[in-house]
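Reading through the structure tokens given below for one structure.
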Amino acid sequence: IVTFEDEGKGSPRGNLGARLKELRIKRSFSQTELARLVGVTPSTISQIEGNLIYPSLPALLKMAEILSVEVSSFFQETGAKKNRFIFPAKDASRIKFNNMPERAVTGRLLIPVDLEAGAEPYLIEIAPDSSLQSHFFMHKGDEMGYVISGSIKVTLGNATYVANKGDLIYLSAEMPSSWINEGAVTARLLWIKIR
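In this note's numbering, the protein residues as written are 45 to 239.
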């Protein structure tokens with residue numbers, strides 16, 4: 045952890061704490077939860093968010109992984125893209141899923157991370173012959189997904205359901221314990237996290 049006395053709050057590094065707090069809140073993590081997952085103390089997260097200290101590079105990389113954002117997201121100006129209403133596919137941010145093999149599942153956030161919206165749309169792709177042993181997001185809130193192509197088996201509690209192309213999956217309190225694509229084509233889902 046490094047501290048700098050000559051950095052103003054207006055510099056990109058001076059905004060790191062505010063960006064971390066904004067992203068943490070959008071992902072519904074408390075400081076304590078994020079600290080536990082990163083391997084630091086809650087006090088460290090609080091000090092980073094207050095721009096009193098800066099995280100080590102490994103801690104910053106871990107935070108980006110947990111929050112499903114690119115490291116560069118911590119250094120981007122907030123509000124730069126708020127008035128846009130079309131978001132080109134090339135601008136979608138690739139996200140990483142904790143403890144899930146990239147060959148099995150990939151995802152892209154379809155709007156800018158700093159866009160103030162009531163929901164976050166993602167494109168989730170689960171490869172053929174793949175299974176995920178937990179839900180792809182750690183999220184406290186409602187979620188829904190529309191199956192664009194393929195089909196997917198979802199285990200919720202003791203029951204297993206099959207969602208095919210055109211079906212909608214809605215989750216509230218209970219999260220799936222597994223996702224299985226037994227098909228020969230990639231299962232593509234338009235997934236919405238409701239904030």
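Here a beta-carbon is modelled for each residue, glycine too, at the ideal position from N, C-alpha and C.
C-alpha of Leu96 to C-alpha of Lys106: approximately 19 Å in a straight line.
The residue among Ile224, Pro132, Phe141 and Asp211 with its C-alpha nearest the C-alpha of Ala108 is Phe141.
Each of Gly151, Leu104 and Glu77 was checked against the Cα of Ile236, and the nearest Cα belongs to Gly151. Per DSSP, the continuous beta strand (DSSP E) segment holding Lys197 begins and ends at Ser195 to Leu200. No residue range can be given for Ala171, since it is assigned to no beta strand (DSSP E) and is classified by DSSP as neither H nor E. Note that the C-beta distance between Ile89 and Ala79 is below 7 Å. Around the beta carbon of Pro220, 16 or more other beta carbons lie within 10 angstroms, which makes this residue buried. Phe119 sits exposed, since fewer than 16 C-beta atoms from the chains shown fall within 10 Å of its C-beta. Under the three-state reduction of DSSP, Asn95 is assigned to coil, being neither helix nor strand. For Val206, the uninterrupted beta strand (DSSP E) segment begins and ends at Ala203 to Asn208. Nearest to Ile238 by C-alpha distance, out of Leu101, Lys184 and Glu77, is Lys184.
For Thr150, the enclosing beta strand (DSSP E) has its first and last residue at Val149 to Leu153.
Just measuring C-alpha positions, the residue of Ser117, Ser137 and Ser175 sitting nearest Asn143 is Ser175.
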